[in-house]
Structures are given as C-alpha cells and as structure tokens.
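Notes for the one structure printed next.
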Amino acid sequence: MTIHLRQICLVASDLDKTIDDLTTIFGVNSAHVDPGVLHFGLANNLLAFGNNFLEVVSPVRDDTAAGRYLDRRKGDGGYMVICQTESLENQQAARQRAADNNVRVAWESENDKISICQFHPGDMIAAFFELDWDKAGDFKGHWDPVGGVGWETNVRQDVTEGFLGVELQGVAPTAMAERWSAVAELPLDKGGDISMNLSNAYIRFVDEADDRGPGLSGIHLAVNNRAAILVRARERGCYISESQVDVCGVHFYLHDT
C-alpha cells in the first residue's frame, strides 16, 4: 500500500501573522484558502511546499477542536499528518486496522471527489492521522483540499524544496510508533530515533523534550537557500540555530538539498 505525505496541518491563534512568517521565512506562496473549514469554526490557508502543502488553521469561534488543542498544548503547534493513498480499498483497510487497535475515527466524509478518514489524535497519541483517497489518483498534482488543480502556478522552490519528514513527540515514543505502524501497516526503523517511512517522507518518533505534551513537534525540510531562511528567521525572531528555526510552535529542521 502506498501512503504519501501530502499535507501537514498546524494550528495557530493568529492566522495572518503565522502565514506572513511562514511565507517570508521559507520563500513559499499561498496555494489555496478553503472556505469549507468554516463549518468546523476555522479559517485556513494552505501554502505550497513543492507538490505538497502546509496548512494553517485558526479558530474563529469558541469551542472548536482546534481551540481545545491550542489550550491543551499551551499554544500554537502541529495538528495533523494528512496522507494520500492510491485506492479506497487501501483506505478502508487502514480504517479496519485502526478499529482492530482501538483507534477511533474522529471524522470521515466522502463525495464525488475525495474520501477522507481522520484517526483520533487521542488514540494516535500525538496528532490526527488523516488518510485520504483523492479520486483523481495523482500524487503530485490534483489534490481536492486545495481545489484540485490551479495551485501549481504558486509553487516556488528556490528557497525551500519541500518536506522530508515529520517529527512526533511523546513520553513513550516506541509505543506511539507501534500504534502508527499498526494502522499504516508500515515497518519501523529502530536504528537511532524510531522512524516510519512513507512513500515520499518519514515520520520520526522522539521523546517529549518540553512541557507541552505529546504532539507534532517538528518538520524536516529540504532547502535550497539556507542562508536566506536564516536571515529572515533572525528578522522575525524565529532563529534557533544554523539548522533550526521555530514558527507556529513547531521546530523546522533545515537540510540542504
């Protein structure tokens, strides 16, 4: 089964500032704004990172799941790992594996363009794991959450190439990794930090390193202009080191292409 990282979602209290920081520091463009998330009490913006997307959502009313997440994790942070698979049968097989491992489905929906299945972050421990089947079947082009097509003209990669991986933290990273592996039916690499390879990226499971609890704590990026990123990060107060900048409560780790 192919599981392809297509989108990472962050949650922020100030959407406009966060988008301004991300686009300025990483030299990327907005690809789509989805009015449909207002149904969940959210506003959003999706940024093109190569052929994949970094989404930021922000609550616009009280008592939303994203707002509760902001409270629980003591501020902005990572929220969802959103992946694409090549068939509805594969998605439904993962749904059954989730049920077999006592993982709840937080939300699911299907229309004539896409089938969406979100696995509950409480059971996946660190973040939502969303596995979608986009009926166009295109891992590098058509993606319904960004309106299908048309976003390609907004791709810019002279500064940032794209995603390499996601970091999930928790007090028991091995148990967390085994849960994700069981649902995805993908093997774990236990050499050094525990990791699980998707078709185009990895998920790394690490010990909790702060007092914020389990969560999506980091994103690994392939970059083409580290110097430009670091200059802009310093200007924005986001510089941590020559290999890390922090935005929206998330560690962005820089790897030269």
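Going by full-length UniProt numbering, the residue at position 77 of the sequence shown is 77; the numbering climbs one at a time, nothing skipped. Virtual Cβ for every residue (Gly too), placed ideally from N, Cα, C. All of these numbers come straight from a predicted model, not from anything done at the bench.
Extent of the continuous beta strand (DSSP E) run through residue i
i	result
T160	T160 to G170
R204	Y202 to D207
F40	Taken as a continuous stretch (DSSP letters only), F40 belongs to no beta strand (DSSP E), as it is neither H nor E.
G192	Counting along the chain, G192 falls outside any beta strand (DSSP E), and DSSP gives it neither H nor E.
P59	N52 to P59
D256	V250 to D256
N29	N29 to H32
Residue i to residue j span [Cα, whole Å]
i	j	result
S195	F205	6 Å
D144	Q157	22 Å
A66	T257	34 Å
H4	D63	32 Å
L15	D21	10 Å
V146	N51	11 Å
R212	E152	36 Å
R97	L221	30 Å
D138	D34	20 Å
G218	T160	16 Å
A182	E235	43 Å
H255	V223	6 Å
Enclosing alpha helix (DSSP H) for residue i [first to last residue]
i	result
A184	P173 to A184
A233	R226 to R236
D20	L15 to F26
Chain-order list of residues whose beta-carbon lies under 8 Å from that of residue i (same chain, five-residue window excluded)
i	result
V60	L38, G41, L42 and A43
H142	D134, A136, G148 and V149
R73	R212, G213, G215 and G249
Short CB-CB distance (under 8 Å) between residue i and chain D
i	result
L216	Looking for chain D here will not work: only one protein chain is present.
Close-in-space but distant-in-sequence residues of the same chain around residue i (CB under 6 Å, 5 per side omitted)
i	result
A184	I3
H120	R104 and A106
N197	none
Close-in-space but distant-in-sequence residues of the same chain around residue i (CB under 7 Å, 5 per side omitted)
i	result
R232	T24 and I25
(message) In chain order, what are the residue ranges of uninterrupted alpha helix (DSSP H) at least 4 long that sit wholly in the segment 70-148?
(response) With a minimum length of 4 residues, the continuous alpha helix (DSSP H) runs that stay inside the segment 70-148 are 88-100 and 121-124.
(message) Pairs of beta-carbons, one from the segment 104-114 and one from the segment 236-244, closer than 8 Å: are there three or more?
(response) Because the criterion of three Cβ pairs below 8 Å is not met, the segment 104-114 and the segment 236-244 do not touch.
(request) Could you tell me whether the segment 184-204 touches the segment 112-120, using the rule of 3 or more Cβ pairs below 8 Å? (result) Below 8 Å, too few C-beta pairs join the segment 184-204 and the segment 112-120 to call them touching: fewer than three.
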